[in-house]
Structure formats: C-alpha cells, structure tokens
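Here the structure is laid out as structure tokens; the discussion comes afterwards.
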C-alpha cells in the first residue's frame, strides 16, 4: 500500500475549511452556522495531523488535534444550549430575525 502524499491532505483540509467558511458567511440558520464552524475545526484537525507526519518522534500534532476535538465538543454543547434558549424566547432560529438584542 502506497502512503498518501501530504499535499492531498492539505487540499482536502483547504476544501473543508472553504466550505465551512462559505456556510458560515452565507447561511442564516443558527444550526447550519454551527455545522459550518464544525467543518472548519475538522479542516484544522486534518491539517494538524498532516503536518505532524513530518516529525514522527513527537505526537504534538495528534495531541493538539485531540484537544481541538474536545474543545469543539464543548463548544457544540454550549452553542446548542444557547440556540435552544434563543428559540424558546424568539420562536425562530433564523439569525436575521434576531434583532431585539441590537437595541
């Protein structure tokens, strides 16, 4: 089995990050924006693991990717709780319709 070149991982990571960024910038539903943020964090993890293969004696890239996964899980739990409370109060999850906080 042939090893996969690291530039392919970087291309996949860049594509995932670009898709996540486009989702965050273009979509207005709160849950979809959270999914875009998770895509961006997964792209960062792919890049961390791809770059960590250049130093096989240390596991810093893998450990940092694991830390990013833990932070992403905590961020998802807190963000979903906030979205649920906002939905209970405003009866919508559309980010454009939440203008009461601006006043």
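In this note's numbering, the protein residues as written are 78 to 180. No residue lacks a Cβ here, since even glycine has one placed at the ideal position from N, Cα and C.
{"Query": "CB residue 171 to CB residue 105, shorter than 8 Å?", "Result": "yes"}
{"Query": "Leaving out five residues on either side along the sequence, give the residues of the same chain with a beta carbon under 7 Å from the beta carbon of residue 122.", "Result": "142, 145, 146"}
{"Query": "Quick test of the definition: if touching needs 3 or more C-beta pairs under 8 Å, does the region 122 to 136 touch the region 151 to 162?", "Result": "no"}
{"Query": "I'd like to confirm the pairing. Which residues does DSSP put opposite residue 139 in its beta bridges?", "Result": "DSSP output for residue 139 lists no bridge partner at all."}
{"Query": "Using beta-carbon positions only, say whether residue 85 and residue 97 come within less than 8 Å of one another.", "Result": "no"}
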